[in-house]
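Report on the following structure.
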Amino acid sequence: MQPAEGRVCESKSHKFQSPCLGDHNCALVCRNEGFSGGRCRGFRRRCFCTKLC
């Protein structure tokens with residue numbers, strides 16, 4: 243049996259205010275917001291939080 247794959251939803255972090263230079267700090271802030279992780283993305287390097295939805 244293969245494991246079921248869930249979709250990953252993204253939402254811009256509400257608490258991460260500075261330019262996102264590293265995925266590690268972004269992920270820590272996102273976990274404090276109740277998400278499973280986060281990463282920096284986009285031209286303006288914003289922190290986007292991720293979770294299975």
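If you're matching positions, the sequence shown starts at 243 in this note's numbering and goes up one per residue.
From the three backbone atoms N, C-alpha and C, an ideal C-beta is built for every residue, glycine too.
It should be emphasised that the depicted structure is a prediction, and the values quoted were computed from it without experimental measurement.
First and last residue of the alpha helix (DSSP H) that includes residue i?
{"i": "C262", "result": "No alpha helix (DSSP H) holds C262; DSSP gives it neither H nor E."}
Anyone know if the C-beta pair for residue i and residue j falls short of 9 Å?
{"i": "G296", "j": "K257", "result": "The displayed coordinates of the chain run from 243 to 295. Any statement about residue 296 would go beyond what the structure contains."}
{"i": "F277", "j": "C291", "result": "yes"}
{"i": "V271", "j": "C289", "result": "yes"}
{"i": "S255", "j": "E275", "result": "yes"}
Looking at the strands, I want to know which residues DSSP matches up with residue i.
{"i": "C282", "result": "C289"}
{"i": "C272", "result": "Answer is none; C272 lacks a bridge partner."}
Contact check, residue i vs residue j under 8 Å by CB: the rounded distance?
{"i": "C251", "j": "C295", "result": "4 Å"}
On the DSSP letters alone, give me the boundaries of the beta strand (DSSP E) that residue i sits inside.
{"i": "S255", "result": "Run containing S255: none; DSSP gives neither H nor E here."}
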